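Chains A and B, in that order, are what the protein sequence lines are. Each residue of the first sequence is one higher than the one before, counting from 1 in our numbering. Each residue of the second sequence is one higher than the one before, counting from 298 in our numbering. Just so you know, even glycine gets a beta-carbon here, dropped at the ideal spot from N, CA and C. These figures come from a predicted structure and were not determined experimentally. Worksheet for the structure shown next.
Protein chains: 2
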Amino acid sequence: MSRQPYKRRDFLEDVVKAGAAGMLVWPSLTPFIPKDQMTVNQVIAKILAELPGKPLPETVDTLKTGSGDQLVTGIITTMFATVDVIRQAIKTKANFIIAHEPTFYNHPDKLDWVENNGVAKEKKALLEKNQITVWRFHDYWHMMKPDGILQGVLIQTEWLAYNPQSNAVFQIPPQKLGEIIQHLKDKLHIPHLRYIGDPSALCQHIALFPGAHGGEKQVASLVSGQVDLIVVGESPEWETPEYIRDARALGHPVSMIILGHSYSEEPGMGYLVDWLRNKIPAIPVKHIASGEPFSWG
Amino acid sequence: MSRQPYKRRDFLEDVVKAGAAGMLVWPSLTPFIPKDQMTVNQVIAKILAELPGKPLPETVDTLKTGSGDQLVTGIITTMFATVDVIRQAIKTKANFIIAHEPTFYNHPDKLDWVENNGVAKEKKALLEKNQITVWRFHDYWHMMKPDGILQGVLIQTEWLAYNPQSNAVFQIPPQKLGEIIQHLKDKLHIPHLRYIGDPSALCQHIALFPGAHGGEKQVASLVSGQVDLIVVGESPEWETPEYIRDARALGHPVSMIILGHSYSEEPGMGYLVDWLRNKIPAIPVKHIASGEPFSWG
C-alpha cells in the first residue's frame, strides 16, 4: 500500500467522477481508509483515548495546518515544527508533525498575532504546498498519567528510579550541584546552560519543571517543599531567578538550573515515539529534535 | 543636619508628647521638613513633574515598603532591590531605593503571589527594620521623553550619535554581528550572552528593546521595519527566538542578541543618577548595579 497522502477531498473527487460516469453513489462522510492506514483524526483519537480525564473545552492542542481527514504517511514528533523540521519531514515523506510547542510563535498560534507576518505566511505556505498537517500536543501530553514530558525527561536523566511516581518534586541521592549540572548536560545533550548556586553544594530534593511553567508555580514548589534545587526549562528572569538570588542571600541553600526550554522538554517528545508505536503499529513514527536556536558567546 | 531617617510617625509622636506636656498643638498633616531635605513623596513628585503625559490610573510604580513621608537620607538606583543591594544601601546610609523591577518576584509585587513565601517576608522585614523605602520606577521611566532606560543604554553603547531621537529602531554604520556582540559585551559589562545569527553577517538596522517587552512587540518591529538585528533583554523562548530561527531558515538575514534582562536595562538606572542630580541637588544619589544572578556553565 502506497504511503503517499490520500486526502478526503481526493476521495470525494473520485466519487464525484464515478457519479458523473453514471455510477451514482452518495459520497460517504467517512473517507475510504486503506486497511493499514489511519487519518490524522484517527491518530489523535487513539492518543486522546488514553486521557485520564475528559478532553478540555479549550486547548491549544489544535491542528495548525492541514486536515484531520488526511491519511497519515508518517509521523514526526518534535518540540518545535521549525522550517528545518518541516523540511526533514518532507524528506522522510512523513505528512503529520506532532509538535509540543507553537508553530507560529505565539501560544494560541494566532496567525494575526502580528499583522503582515510574512514569515508565518511563508511557513504556512510551505506546510500547505507539501500537504503537511501539524497538530500541537501540549496540554494533553502534560495531562496524561504520568505527564508524558516529565516521564520522558525522567527516563533520559535516569532519575525515574528515584521517582517512580513521576512527581515534580522528588529526592535523589545527595550530589554536588556541579555534578548534577554535568549529568544533565550529558544526558540531555545540552552544550550550555545557566545556573544559580555553588557547584560544590550538595543537592538532593529536586523540583523538576521542564518547559515554561511560570514563576508562580516554580516558586510555590520552592516555598512548600524542602527543595534545594529547582531545574526548569525557562523562567521570566524577574521571577524565580530573583527569588533564588534573594533566598541564597538570606542564607537558604537553594540552587537553580535553567536548561533551556527546548532541551528541557525534548525527551518527552522522544518518549512519545515509544508511547505511540504499539498504539499505531502500522504508521512510521520518528522523533526529530528541534534543538534550540541560540549560540552562546 | 543629620541624614538619619526621620519619619512622619516619629514627628507625630513628638507632637503628641508635646501635647501631653501641656503644649497643645494640632498635628499638621505635613511633617516638618528640614530645609535641605525632602520626603520620598517630594522626590517622586519632582520626578513625575517631568512626565510628558498624565500619571497613569494604574501602575506598578508604587511604594513596595516604607512611607512617602519618610525624609530621604540618600537614594540608591538599581534594577533589582535585591537583598544584597539593600545591604549596600544600609551601609551607605541611604534609605530610599528606586528600583526598575519588582521587589517581590512578581510584576505587581503581590506579597501573596505565592502563599507563605518566607523569603518575601524576610526581605520585607529587613527593609522595615532598616526603615528603607522602595519605590518602583518602571512605567514612568519608560514614559519619559526620551524613555529613560533606552536613553541610558544608547549613551552607554555610544549609539546615541546614530539615534539622537532615541527611537527603538535605528541605523548604525554596517558592522559584523560578531563585532556588535563584542561591543555590547564591553560597553555593558556583560560576561556572557546568547545570540542567533552568523557572526560574520553585516548588520545596520537595529531594533533595540532592553528588558522584557514580550514577543509581540519584538516581532512586530521585525515585521514592520527593515530590521536586520534585534537586541533584547529577554524573550519567551517560543516567541521571538523561534520567529528568528524560521525567518533565517526561509532566507531572511535577521539576527538576534539576548543581553539578559538586568544587564540590558541597568544603564537606564545608572543614567537616572545624572538625570536626578540637578533636580534634587541636596540629596546624595548613587547607582548600584544589581547584575544578574546567573552563572554560565
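- In the three-state reduction of the DSSP assignment, Leu408(B) falls in the coil class, being assigned neither a helical nor a strand state.
- Going by DSSP, Val516(B) is part of no beta strand (DSSP E) but of the alpha helix (DSSP H) stretching over 512-521.
- Assignment of Ser552(B) by DSSP, reduced to helix, strand and coil, places it in the strand class.
- A residue is called buried when at least 16 other Cβ atoms come within 10 angstroms of its Cβ; Gly548(B) does not meet this threshold and is exposed.
- The CB of Ala546(B) comes closer than 7 angstroms to the CB of Thr82, Val83, Asp84 in chain A, given here in chain order.
- Its chain contains Ser262 as the residues whose beta carbon lies nearer than 7 angstroms to that of Gly291(A), once the 5 sequence neighbours on both sides are disregarded; these appear in chain order.
- Taking 8 angstroms as the upper bound for CB-CB distance, Leu505(B) and Leu447(B) are in contact here, some 7 angstroms apart.
- Note: Arg194(A) is bridge-paired with Ile258(A), Trp593(B) in the DSSP secondary-structure output.
- For the pair Met269(A) and Lys286(A), the Cα-to-Cα distance works out to about 10 angstroms.
- Within the stretch 407-424 of chain B, Trp410, Val411, Glu412, Asn413, Asn414, Gly415, Val416, Ala417, Glu419, Lys420, Leu423 place their CB atoms closer than 9 angstroms to a CB of chain A, listed in sequence order.
- For Thr240(A), the uninterrupted alpha helix (DSSP H) run begins and ends at 240-249, by DSSP.
- For Ala504(B), the uninterrupted beta strand (DSSP E) run begins and ends at 499-506, by DSSP.
- Residue Tyr402(B) holds the alpha-carbon nearest to the alpha-carbon of Lys361(B) among Gln334(B), Tyr402(B), Gln339(B), Asp381(B).
- The shortest CA-to-CA distance from Gly178(A) to any of Gln171(A), Gly214(A), Pro164(A), Ile196(A) is the one to Ile196(A).
- In terms of beta-carbon proximity, Gly268(A) stays away from the interface with chain B, with every pair separated by 8 angstroms or more.
- Using beta-carbon distances, Pro354(B) does not count as an interface residue toward chain A, since no partner is under 8 angstroms.
- Taking a cut-off of 8 angstroms for Cβ pairs, the stretch 269-283 of chain A and the stretch 211-218 of chain A do not touch, as fewer than three such pairs fall below it.
- In the structure shown, Pro461(B) adopts coil according to DSSP, grouped into three states.
- Between Leu485(B) and chain A, the shortest Cβ-Cβ separation is not below 8 angstroms.
- Apart from sequence neighbours up to five positions away, the residues of its chain that approach His107(A) with a beta-carbon distance below 8 angstroms are Val60, ordered along the chain.
- Of Asn392(B), Gly350(B), Thr400(B), the smallest CA-CA separation from Pro443(B) is found for Gly350(B).
- Pairing Met79(A) with Glu265(A) gives a Cβ-Cβ distance under 8 angstroms.
- Around the Cβ of Pro533(B), a 10 Å sphere holds 16 or more other Cβ atoms; the residue is buried.
- Apart from sequence neighbours up to five positions away, the residues of its chain that approach Pro471(B) with a beta-carbon distance below 6 angstroms are Leu499, Gln501, ordered along the chain.
- Between Val72(A) and Ile97(A), the gap from beta carbon to beta carbon reaches 8 angstroms or more.
- Of all C-beta pairs linking the stretch 218-231 of chain A to the stretch 381-390 of chain B, fewer than three are shorter than 8 angstroms, placing the two stretches out of contact.
- Under a 10 Å Cβ-count criterion, Asp333(B) is classified as exposed, with fewer than 16 other Cβ atoms of the shown protein chains found around its own Cβ.
- Taking the CA atoms as reference points, Met256(A) sits about 42 angstroms from Pro578(B).
- Here Trp275(A) carries a helix assignment [DSSP, helix/strand/coil].
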